[in-house]
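If you read the protein sequences in the order shown, they are chains A and B. Position in the first sequence (from 1) plus 45 gives the number in our numbering. Position in the second sequence (from 1) plus 2 gives the number in our numbering. C-beta: ideal position from N, C-alpha, C; glycine also. Here is the structure we will look at, set down as structure tokens.
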Amino acid sequence: MQRSPNDLSQLQATMRAIEVACSSIQMMVNRAEAEATILSLCQSPQPYQACQYILENSQMPNARFQAATAIRDAAIRDYCLCYVMQRASSPEGYVQAKVSAAAAQLMKRGWLEFSAAEKETFLSEVKQATLGIHGADVQFIGIKLMESLVSEFSLSTSTAMGLPAEFHDQCQKSMELEYLKTFYCWARDAASSVTNKILDSDSPVPETKVCTAALRLMLQILNWDFRYSKNGLESAKGKKNVFSAQVGNDNNLSRRSECTIVQPGPVWHDVLISSGHIGWLLSFYGALRQKFSCEGFWLDCPLAVSARKLIVQFCSLKGNIFHSDIGQMQENHLLQLLSGIMQWINPPDEVSKAIESGKSESEMLDGCRALLSIATVTTPVVFDQLLKSISPFGTLTLLSALMCEVLKVLMVRNAEEETWSWVARDLLLDTWTALLVSIESGGETGLLPAVGRNAASNVFSLIVESELKAASASAFSDDMASDYFQASASAMDERLSSYALIGRASIDITIPLLTNLFNERVARLHQGRGITDPTVTLEELYSMLLIIGHVLADEGEGETPLVPKAIQTQHVASGESEKHPVVVLSSSILNFAKQSLDSEMRASIFSPRLMEAITWFLARWSSTYLMPSEETGESNSGSCYDNNHMVQSSVSSKAFLIFGEHNQGKSVLDLVVHIATTTLVSYPGEKDLQALTCYHLLHALVRRRNVCVHLVGLDSWRRLANAFANERLLFTLYSAHQRSLAQTLVVSASGIKNPEASNQYVRDLMCHMTNYLMELSSKNDLKIVAHQPDVILLVSCLLERLRGAARATEPRMQKAIYEMGSTVMNSILIFLEVYKHEFAVVYLLLKFVVDWVDGQIIYLEAQETAGVVNFCMRLLQLYSSHNIGKISLSISSSLLSEAKTEKYKDLRALLQLLANLCSKDLVDFSSDSPETPGTNISQVVYFGLCIVIPLISLDLLKYPKLCHDFFSLLSHLLEVYPEMVAQLNDEAFSHVLGTLDFGLHHQDMEVVDMCLRALKALASYHYKETTVGKVGLGTRAAGSKDQNGQMSEGIFGRFLRTLLHLVLFEDYSTDLVSAAADALLPLILCEQSLYQRLGNELIERQVNPAFKSRLANALQCLTSSNQLSFTLDRMNYQRFRKNLINFLVEVRGFLRTIKILVLFPVLFVCKSVLQTSRIQDPGRILFEKIYPKQVK
Amino acid sequence: GFGSSVEAAMSDEEHHFEGADSGASLTYPQQAGTIRKNGYIVIKNRPCKVVEVSTSKTGKHGHAKCHFVGIDIFSGKKLEDIVPSSHNCDVPHVNRTDYQLIDISEDGFVSLLTENGNTKDDLRLPTDDNLLSQIKDGFAEGKDLVVTIMSSMGEEQICALKDIGPKS
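In structure tokens, the structure reads:
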């Protein structure tokens, strides 16, 4: 800093003048004069020295305050603004960027305090700059500064300032409503002021930089998340919902490409629409393009890129910026843009040829992006019409031609890496998706216009061609990633869903095409059998099955999917059901799949991978077409369509009834079961294939009751069940698959009409397994044989099967499943003892019991309950006796960590078991009357918890799921049965309290919340009991004397301290305040005198008298305002929540500050000074002056 | 429907039952596809605990193969193997027995009390310092310790330690 020969006396004089002025203001004399004095300080060109002097020497806080303010203002004005403006031509762009970001931050900090005039002063300098009066460099800086401001004021890009969210909201609102449009106009004016220079000059001029920056700023402003100006009157919230609903809709088919919709609202109409602004932009870009047409690199220069981005952004303009004239204005707007964009993408073949021979692809890709944006904001009909007024073909035809061109390039190149054609294909696919998804979701429009359907079918046939080509090319590649069916299918899923939409747009063409291609390949396989290598054809069929599966049916995601609307509603001139293209294609595939039943064919054609695709297809297809429940089919097709559609849809639905229950449905179902069995039996070790069969296909079949009815009657199903129960072969399945199979088979029993017969079905299925386990457990030499690997495998498989059956519990089969479990209860305890060192078996034992109890407990009668509960307790005790105090020893750290994970899994299962037992008290379907003396569930669960708690180390609580389960069980117990706490023994009691205390300080908010709920329950129980003269928690609450005669505090006292400390001094999410209030109120009521004492201590500790009185007042209000009373009803809790929030707002700031000040004075000051003056050198100097020692 | 006894179906297992009294095999064959994580497997003639299983195919339309990552239960070394899914692997017979720790001798052996009152004195202490101190410290503190001895394929080692309260 410049050292002027300023003498001390002058500084003193200034200080005195300011001090006088401050006290005049305080005493309300000579106000105007005093203000002028202070203003003069602020406006003096170099106030730093004077301010610094005042800060260091004045005894008057007000004067110091004014000095600090003056420094800040000066810093913004001189330091940032002048700095950047004066050094506009300096080459260090990043320094300028940083400084202008700092200026923006400083502006924002003071934004809500600055007067309009102050902002005006600042902004007028910016405006001057952007007008270009001081030359291009300054102009550029001015624009950059606006860019920083806009980004600082936008919520998504603002820097954290440690200020409340509300502050940021207000700044955003102020920016959006008062300045954004102005900035846009300045940017626009800046851009247009330099266009001539750029166009006239033959060499690069500095104005190019200005223009680029201006275009970028305009783009940035259009990207603003408009909230307040969308609609003049409507509240921001309401509008936002409309918007998010739309986003949700788009998410149905997740997009690869970003496309944000721009909705700035009617106030922007004049600037963006009616001013001819877009015409200017388009012709500017067109002129530049013309001028630089011979320089290929030009397309990628920043100016061209930003101009195109802005044009694309204009394509997404939507909402009431356009007047409500049935879309005419928006159509004109889009047409104007499209006619400019046409030269980027049309004619497609020439464009692609040019790119292939070296031209930059960026313009073409931007053209695709523009199409995507337009498709997103229009309907298919409007989209197609746009181009018709200026060209002989519609937009859909152009889109189709473009897509075909891209696919051709893709096929020729067949490149693995991402080339331009990949990107273009994804963009165009998204465009199709945007257009078609509105039809599929039954949106405002009906079908695609005929020309569109033509276009779609052209595109679709090329898509299939290119996919087949890709499949055959990759048939021999040993790409690990694509090996696993699931992974490859889901990776392809997005693309396939887009294909499906396109394919469904004209099923009368696309589906016969698929049928032909499929049959061709099947014929090729047969002809070449034993002669040629079928791999390429297999891979093509694999790929086709995936595509066809997507076109024909939707993913159910657990629900029963209906026939896709596009397929249901399209009129197909076929007449008979058998000739409906969908029926023909389905039958072709079913016939092909049927051949897999023949062992020779299987060996030569049906590779595991092909079977995976078949199984996947059958699962997907069956859910939609196989035995559709007739009622739902009709009611659905009728409800949402007009008469015309209904007629058509019923034609199609009728065609699909060919696979219904009264038609071919049964034989197809039989075929599917045969194929499923084949994959399980004839593909040994093909785990992935079998997983698809078990989890996809068979689950899909038993999901619907009406299918189950037919399943249980089929011989093929009975044979599968029989093989499962009695034959050795299915024990070679992966054991988790066996669990799933058991579940599926048991669920199918729900298709048997007579409940007794359902139960018998389950008994027949499972009895040999339970018998075997019982026999084994009673062997004399069990201890010796049990550890043989083959026995372990068998026991594991049987337990998995039992578990699968247990998971299938439904009221109808409940009895048989109860018997199944109760007969093996004793064996389970024996196995738990024998296998105590065999984690894999112990875990299965526990999981079986968990699932069995989960399914059964709510149905059990009193006596059964007693038996089951007793069994569970013995299980817990046994487990505990084996594991308590046990330490695994191994030199391998990974084996040790495996052992820890195993322990975690066991404990989690035990907690789940306890939680399942708890549910008996919540839901009970038993026939016992409430008076019947039953098991005291609460006692049992507490008892169980006391067994489990010592096994849970703090280390294990680091597993988030275990921690969560543990605390939710604990808080549930304390909430529902607080009285039990009084009955706990000392050790268990201190365990419970210790964990609560631990939980209160946990970083997971949910855990803290659960602990607070538990505390609330305990304290309110005690308070309510004691107010009616009962003991409540008795000695637990009162505290007790330990062996040394020391009085230890009762639990509520302890927790009152902990909680007060937490809410006042510690870091926590504000979402927890309500829960904390709910716990704090009963704690205060339980320990009123302690609370008074703590409050007084807190007040006494304050040194600052102002804070002291504020704190005293706040504490007073906390317990007295809002008519708070001494009852614990809902109303009172509500009041106290409000009080606590107000209290914390009032005091937490200074309480915490003071605490920090006491602990780390230097750090605190350092931090706060640096925060407010990160780049601002005066601040840093000031800081160094005040605290020279600490800095060193 | 269902009728035939499970005994017939499981006759093979039954066979092992009877013959398993003294000379139980060191290893048993098991289909690779059925071996799960946390199970055991023999890799390069060493008994291993399986810590990772993944499947892949031999060529796109070939058969599945399993890729196992195992950790030698004695040496802690990591071993890997790839086996066609439908082929058999060897699974080691791993036994674990609890003994009460009576004494730790100077020459690095432990003295153990078996269930039927005999002593077993032929087991060496581990050489790893960390493990050694865990055992020695507990013993020195006068706790009653039960040690679990893991044995497999002719080798044995202490694999766990359990504190059953202060020495009576």
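For M152(B), the uninterrupted beta strand (DSSP E) segment begins and ends at 145 to 154. Under the Cβ criterion (8 Å, minimum of three pairs), the segment 1002 to 1016 of chain A counts as touching the segment 1049 to 1068 of chain A.
Taking C-alpha positions only, V895(A) is separated from L1060(A) by approximately 28 Å.
From the listed residues L194(A), A174(A), I186(A), L663(A), the smallest Cα separation to Q150(A) is found for L194(A). Within the segment 144 to 182 of chain A, no run of beta strand (DSSP E) at least 3 residues long lies entirely inside it.
For the segment 125 to 154 of chain B, the set of residues with a beta-carbon nearer than 7 Å to any beta-carbon of chain A comprises D130, L133, Q136, T150, in chain order.
The segment 698 to 707 of chain A and the segment 717 to 726 of chain A do not touch, with fewer than 3 CB-CB distances between them shorter than 8 Å. The beta-bridge partner set that DSSP reports for Y30(B) consists of V93(B).
Excluding five sequence positions before and after I83(A), the CB atoms of its chain that fall closer than 6 Å to its own CB belong to A66, Q111, given in chain order.
Contact annotation: L452(A) and L507(A) have beta-carbon atoms nearer than 8 Å. Look at the beta carbons and you see the segment 877 to 897 of chain A not touching the segment 112 to 125 of chain B: under three pairs across the two are nearer than 8 Å. Using a Cβ-Cβ cut-off of 8 Å, Y224(A) does not count as an interface residue toward chain B, since no Cβ of chain B sits closer than that to its own. In the DSSP assignment, F111(B) falls within the beta strand (DSSP E) that extends over 111 to 115. The Cβ atoms of D315(A) and S405(A) lie no closer than 8 Å to each other.
One Cα belongs to E801(A), the other to T910(A), and the distance between them is close to 22 Å. Classified as buried, E585(A) has 16 or more neighbouring CB atoms from the shown chains inside 10 Å of its CB. Listed along the chain, the chain B residues whose CB falls inside 7 Å of the CB of S652(A) are H63. When secondary structure is reduced to three states using DSSP, S761(A) falls in the helix class. Counting every other CB atom within 10 Å of its CB across the protein chains shown gives F1097(A) a total of 16 or more, marking it as buried. At a cut-off of 8 Å between beta-carbon atoms, H69(B) makes no contact with chain A. DSSP lists V44(B) as the beta-bridge partner residues of P49(B). Distance from L264(A) to L190(A) at the Cβ level is roughly 17 Å; contact not present, criterion being Cβ atoms closer than 8 Å. Any Cβ of chain A closer than 8 Å to the Cβ of Y101(B) would place that residue at the interface, and such an atom is absent. For S622(A), there is no enclosing alpha helix (DSSP H), as DSSP marks it with neither H nor E. The beta carbon of C91(B) does not come within 8 Å of any beta carbon belonging to chain A, so the residue lies off that interface.
For Q32(B) against N90(B), the beta-carbon gap comes to about 6 Å, under 8 Å, which counts as contact. For the segment 860 to 889 of chain A, the beta-carbon criterion of a distance under 7 Å to any beta-carbon of chain B is satisfied by H882, F884, A885. DSSP places T121(B) inside the beta strand (DSSP E), whose first and last residues are 121 to 126. For the segment 762 to 791 of chain A, the set of positions with a beta-carbon nearer than 7 Å to some beta-carbon of chain B reads R763, N767, A770, N771, E772, R773, T777, Y779, S780 in chain order. Scanning the segment 947 to 1032 of chain A for uninterrupted alpha helix (DSSP H) segments of 4 residues or longer gives 982 to 993, 1005 to 1021, listed from N- to C-terminal end.
Taking C-alpha positions only, S867(A) is separated from V914(A) by approximately 11 Å. Residues V195, L225, F228, Y229 of the same chain have their beta carbon placed closer than 7 Å to that of I266(A), with the five preceding and five following residues left out of the count. The C-alpha of L447(A) is placed about 55 Å away from the C-alpha of R846(A).
With distances taken between CA atoms, K164(B) lies nearest to T99(B) out of T99(B), S153(B), G119(B). DSSP places H741(A) in no alpha helix (DSSP H); its state is neither H nor E. Taking a Cβ-Cβ threshold of 9 Å, none of the residues of chain A is close to P49(B); the smallest such distance is about 11 Å.
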